[in-house]
Each structure stands twice: as structure tokens, then as C-alpha cells.
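J.: The sequence shown maps to residues 1 to 582 in full-length UniProt numbering.
Here a beta-carbon is modelled for each residue, glycine too, at the ideal position from N, C-alpha and C.
Sharing a structure below in C-alpha cells format, with a few things to ask.
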Amino acid sequence: MVAKDYQKTKGSTEAGVGEIDTSAPFQSVKDAVTLFGEGTFSGEKPAIKKSKPHSAERVLAKETQFHLAKKELNKLKEQLKNAETTKEQALVEIERAKRAVEDLTHKLKTINESKDSAVKATEAAKIQAKQFEESGNRNSKETDGSLQMDHETTQVQNKAIIAELDVAKQELRKIRQEYDASLEAKNSATKQAAEAKNATKANMERADELSKEIITVQESIQQVRMASLQAREEEAKIYADKDVYKQSYKARLEESENKLLALKREINSDHTLKLEAELAQTMSEIEALRKEMDNASASDLDSVKKVTSGLDGAKESLHRMADEGNTLRSLVETLKLELDNVKKEHSELKEKEAVTESVAGNLHVKLRKAKAELEEALAEETKVRGASNEMVAAIHRVSLEMENAKHQAEEMKQQAEQLVREAEATRIDLEATEKKLIVALEKAEEAKAAETKALDQIKMLSEKTDAARASTSEPGAQITLSRDEFESLSRKVEESEKLSEMKIAATVAQVEAVKASEYEALKKLDTTQKEIKDIKAATKEALKKAEMAEAAKKAVEGELRRRRELEQKKAAEAAARILAET
């Protein structure tokens with residue numbers, strides 16, 4: 001019975017001891033922090049914290065670059081507008097030059113006609129001189145005097161016309177030189193327009209880069225949002241894990257207490273008293289056996305042997321019971337030691353739970369702080385998103401404007417090339433006109449020489465006629481002319497006067513046209529030079545602003561890089577400090 005109870009007690013004790021988990025749930029406080037605060041101390045919080053200034057600074061830099069690009073675009077628009085005005089003025093000047101060329105051509109045609117008329121008149125004068133030579137009696141002194149006066153007047157007019165033609169030729173050469181200078185200025189303006197086009201293309205590429213960077217900022221904002229959602233999920237997970245561990249700790253503590261109570265109930269004083277009563281009963285039985293042995297000393301040897309064997313069995317039972325009592329005492333001591341260990345572990349668990357509570361409290365504080373920072377980041381994200389949307393729309397508008405400016409630049413380039421071609425054609429026409437004018441001058445010189453020769457012949461015939469008349473005529477004789485001859489001579493004189501007047505009028509008109517063309521060319525040259533200076537100044541200003549914008553961009557990128565490195569360094573120091581504290 002005692003052995004059976006001992007086996008039962010021993011089995012229940014071993015089962016109870018085997019079910020108690022006395023191992024520490026965490027090897028160190030660092031493991032607990034790693035378990036509970038992995039989402040908080042994993043580096044995501046610093047990333048959330050520093051995404052705010054980083055994105056704000058990037059947006060500020062993009063806005064600065066956008067405004068600079070917008071200013072450069074406005075400047076390029078003004079340059080395109082000025083170039084368009086210059087193109088219109090150049091077209092007007094080319095039309096004027098065309099009209100001047102047409103006028104000069106018409107006047108040259110008139111001069112050629114006048115030259116032909118002069119040649120015809122010279123031929124007629126030659127024929128008339130022959131007629132005078134055949135009939136020397138038909139000319140009078142008055143007629144010779146009028147012809148001599150007409151001849152001198154015509155010579156004076158021809159000299160004046162030739163001088164004016166020389167002046168016109170020099171002015172035409174001067175106009176040609178000025179035209180070549182203006183053509184070079186136009187080529188320079190075309191080159192500057194191409195440079196402005198390249199600057200527009202560079203600004204468009206810069207606007208595309210700004211759009212890409214704004215898209216990157218939006219993606220980083222989306223990543224910040226995802227990180228905030230992940231932080232919230234990890235926060236909820238931490239709280240859920242904490243509740244689970246609390247419940248498991250409570251269940252283990254309750255189970256340990258129940259097992260301790262069961263052990264106390266099994267190892268109570270009733271069982272000890274029962275063992276002592278059994279021991280007393282056994283002792284009384286042994287005493288009774290002794291008395292029976294004393295009383296039956298006379299019994300036979302078999303009875304003595306039986307009694308002796310029974311006594312030996314009782315002694316063995318007594319020794320066995322004593323051993324069982326010692327075993328029970330050692331078991332009680334072992335249970336007491338295990339109970340002390342359980343109490344010690346329980347106190348350690350309470351201390352660890354207190355540490356865990358403090359760590360969880362710190363984590364909760366940090367989590368609330370991170371939540372506040374996350375809310376600020378979300379508010380900042382909303383602002384940045386609005387600003388970025390506005391910037392995207394503005395950049396889209398700027399891109400459209402740049403595209404329009406590009407098309408306008410292409411059109412202006414084509415128009416400038418057309419102007420250059422037209423100017424080249426005008427120059428060729430002017431050269432042809434100049435050649436025609438030179439030919440006309442040569443023909444006029446020939447006509448003048450022919451006229452001079454004819455007048456000399458007329459003079460010689462007149463002198464011969466006078467000599468013949470003086471030798472053959474009597475004193476008081478008169479020279480008679482027929483009506484037809486007189487009308488023919490009068491007609492010749494009128495035609496010669498009209499021809500001289502036409503030549504003078506044509507020469508004066510040509511000189512005036514050349515002067516007007518010279519004035520227009522000078523005016524056009526001044527306007528072109530002024531426009532070229534304005535374009536050069538605008539191009540220089542645009543290049544200067546582009547360099548300033550590039551320098552500002554580099555400075556902003558350097559500052560952002562420096563701040564980013566500083567924030568990463570601070571985050572690393574904070575993480576190291578937190579790990580050192582834990």
C-alpha cells in the first residue's frame with residue numbers, strides 16, 4: 001500500500017514537473033526589443049522622418065529650376081517676336097528693293113530708247129549734213145548759229161548727264177557694298193536664331209528632366225505612404241503579439257500555481273500522519289509478536305522459525321518503509337527546491353515582464369511620435385502633391401509653348417532662308433542692272449561721240465557752205481530755203497530739244513531713284529544692325545541666365561546631397577545609440 005502510494009505520488013510529481021516550462025522566453029533584453037520593436041527600430045522610421053525634408057527640398061529645387069526655365073522661355077519668345085518683326089521689315093525692304101530694281105530697269109529701258117532716238121537723230125543729222133553738202137546754198141548763217149547753240153547746249157547737257165551717271169554708278173556700288181554688309185548681318189542673325197533654337201531645345205530637355213524628377217518625387221511620396229501603412233500594420237502586429245505573450249505568461253503562471261497547489265496537496269501532513277500511524281501499527285504488531293515469542297518459547301522449532309522469518313520479514317518491511325520515508329523526505333526536499341526555482345523563475349519573469357512593459361511603453365511613445373511625424377509627412381505630402389500637380393501642369397504648358405516656339409523657330413528659319421534666297425536674287429538683279437547701266441553708259445558715250453562727230457561734220461559742211469557762198473554769191477544776195485526743208489529743219493530741232501529734255505528727265509529720275517534706294521538701304525542697314533545688336537544682347541543675357549540656372553541647380557543638388565548624407569549619418573548614429581541603450 002505504501003509502495004503503491006509512493007509510486008502514485010512519484011508519478012504525479014514527475015508529470016507535474018515535466019509540464020512546467022521553466023526555460024526563459026528570451027535570452028536577453030536585446031532579443032525582446034528585436035521581437036517587439038523590429039518594425040520600429042528596423043530603420044523605416046528614420047526613412048519616414050527624413051523623407052519629409054528631402055521631398056520638400058527636391059520640390060523647392062524643381063520649382064526654382066521651373067521658374068528659371070520659364071523666364072528663359074519668355075526671353076526666347078521675345079527674341080522670336082523680335083526676329084519675326086525683323087523678318088517682316090526685311091520683307092518690306094526686299095519689296096522696296098524689288099520696286100527700285102523695276103524702276104531702274106524701266107529707266108534703263110527709257111535710256112536705251114533715248115539712246116536709240118539719239119542714234120536715229122544722229123543718222124538723220126548725217127543725212128541732213130549730206131544734203132547740206134550737196135546743196136550748200138540752202139543753209140543760212142542764222143541756221144548755223146542755232147545749230148551751233150543747240151550743239152553746245154547738247155554737249156553741256158550730255159556732260160551733266162554723264163557726271164550724274166558716274167555719281168549714280170558710285171552710289172550703286174556703295175549700295176551694293178551696304179547690301180553685302182546687310183546680307184552678312186542677316187546671316188549672323190540666322191546663326192543667332194539657330195543658337196536660340198538650340199537654347200529652346202536645351203530648355204525643353206531641362207523641362208523633361210524636371211518632369212521626370214517630379215515623377216520620382218511622386219514615387220517617393222508613394223513609398224512614404226506605403227512605409228507609413230506598413231508601420232501601422234507592424235504597430236498593430238506588435239500590440240497583438242504583446243497581448244498574446246501576456247496571455248501566455250498569465251496561463252503559464254496560473255498553471256504553475258495550480259501545479260504547486262497540487263504538489264502541496266499531495267505532500268501534506270495527512271499523508272505523513274498516515275505513514276506514522278502505519279509505522280506505529282507495525283511497531284505494535286512487532287511488539288505483539290515479541291510477546292507471542294516470549295509466550296510461545298516452548299513452541300516447537302518450526303513455529304520459532306516461522307516467527308523468526310516473520311520477524312525478519314517485518315524488519316525488512318520496516319527497513320523498506322524507512323527507505324521509503326527517506327525517499328519521500330528527499331522527494332519533498334526536491335519539490336521544495338523545484339518550488340524555490342519556480343518562484344525564482346516567476347520573479348525573473350515578473351522582472352522581465354516589467355522590462356518588457358517599459359520597452360513596450362517606450363516603443364509606444366516612439367510609435368506615437370512616429371505616427372505624429374507620419375501625419376505631418378502626409379500633410380506635407382498633400383501639399384507637395386498639390387504643388388507637384390501644379391508644376392506638372394505648368395511644365396506641360398511650358399512644353400507646349402516650347403514646342404510652339406520650336407515650330408515658330410523652324411518657320412522663321414525657313415523664312416530667313418527664303419529671305420536670304422530672295423536677297424541673293426535681288427543682289428543678282430542689282431548686278432545685272434549695274435551691268436546694263438554700264439552698257440547703257442558705254443552706249444551713251446558712243447552716242448555722244450557719234451553726235452559730236454555729226455556736229456563736227458555739220459560744222460565742217462557749214463563752213464564749206466559759207467566759203468562756197470562767199471566765193472560765189474554776190475553782195476546783197478539772199479539764201480532761200482524751201483518750205484519742206486525749213487519744216488524738216490524745224491522738226492529736227494524740236495526732236496533734238498525733246499530728246500535732250502527726255503535724257504535730262506530720265507537722268508534726274510534715275511539719280512533720284514538711286515538716292516532714294518541709297519536712303520532706304522542705309523535705313524535698312526541701321527535697322528538690321530540695331531536688331532542684330534538686340535539679338536546679340538538677348539542671346540548673351542539668355543546664355544548668362546542659363547549659366548546662372550545651371551550653377552543654381554548644381555548648388556541646390558550639392559546642398560541636397562550634403563543634407564541627405566547628414567541625415568543618413570544622424571539616422572545611423574541614432575540607430576547605434578538605440579542599440580547601445582538596449
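Buried or exposed: where does A506 fall if 16 or more other Cβ atoms within 10 Å of its Cβ makes it buried?
T.: Result: buried.
J.: Which value, in whole angstroms, describes the spacing of the CA atoms of T527 and Q170?
T.: When rounded, the distance between both Cα atoms is 23 Å.
J.: To the nearest angstrom, how far is it from the Cα of I20 to the Cα of E255?
T.: Any reading at I20 must be qualified, since the residue scores a pLDDT of 46, below 50, and its modelled position is unreliable; no value is offered.
J.: Under a Cβ-count criterion, where at least 16 other Cβ atoms within 10 Å of its own Cβ denotes burial, should V365 be classed as buried or exposed?
T.: It is exposed - the Cβ of V365 has fewer than 16 other Cβ atoms within 10 Å.
J.: What's the gap between the Cα of residue 648 and the Cα of E78?
T.: Outside the shown range of the chain, which is 1 to 582, sits residue 648, and nothing can be said about it.
J.: Ignore the nearest five residues each way along the sequence and tell me which others in R96's own chain have a CB closer than 6 Å to its CB.
T.: Counting only Cβ-Cβ distances below 6 Å, and skipping sequence neighbours, we find E520.
J.: Taking 9 Å as the cut-off, decide whether the C-beta atoms of L68 and M548 are in contact.
T.: Going by C-beta atoms, L68 is nearer than 9 Å to M548.
J.: Rounded to the nearest angstrom, how far is the Cβ of N82 from that of D534, given a contact under 8 Å?
T.: Indeed, because the Cβ distance is near 6 Å, the residues count as touching under 8 Å.
J.: For K250, is the classification buried or exposed, using 16 other Cβ atoms within 10 angstroms of its Cβ as the cut-off for buried?
T.: K250 should be labelled exposed.
J.: Please report the Cβ distance between E541 and K75, rounded to the nearest whole angstrom; I am assuming they are in contact, meaning their Cβ atoms lie under 8 Å.
T.: About 7 Å separates the two Cβ atoms, so the contact holds.
J.: In angstroms, rounded to a whole number, what distance separates the CA positions of G558 and L566?
T.: Cα to Cα, the separation comes out at about 12 Å.
J.: Determine the direct distance from the alpha carbon of K530 to that of A509, and round the result to whole angstroms.
T.: Rounded to whole angstroms, A509 to K530 spans 31 Å at the Cα level.
J.: In whole angstroms, give me the CA-to-CA distance for D484 and R491.
T.: Between D484 and R491, the C-alpha separation is close to 10 Å.
J.: In whole angstroms, what is the alpha-carbon distance linking A288 and E278?
T.: Using only the alpha carbons, I get a separation of about 15 Å.
J.: Apply the 10 Å Cβ neighbour rule to K259 and answer buried if 16 or more other Cβ atoms are within range, or exposed otherwise.
T.: Buried, by the Cβ-count rule.
J.: Quick one: Cα of S284 to Cα of K336, how far?
T.: If you take the alpha carbons of S284 and K336, they lie about 33 Å apart.
J.: What separation, rounded to the nearest whole angstrom, lies between the Cα atoms of A379 and E357?
T.: Cα to Cα, A379 sits roughly 32 Å from E357.
J.: Under a Cβ-count criterion, where at least 16 other Cβ atoms within 10 Å of its own Cβ denotes burial, should V244 be classed as buried or exposed?
T.: That one is exposed.
J.: Considering only the alpha carbon of each residue, which of A551, R368, R562 and K352 lies closest to A236?
T.: Checked all of A551, R368, R562 and K352; the closest Cα to A236 is R368.
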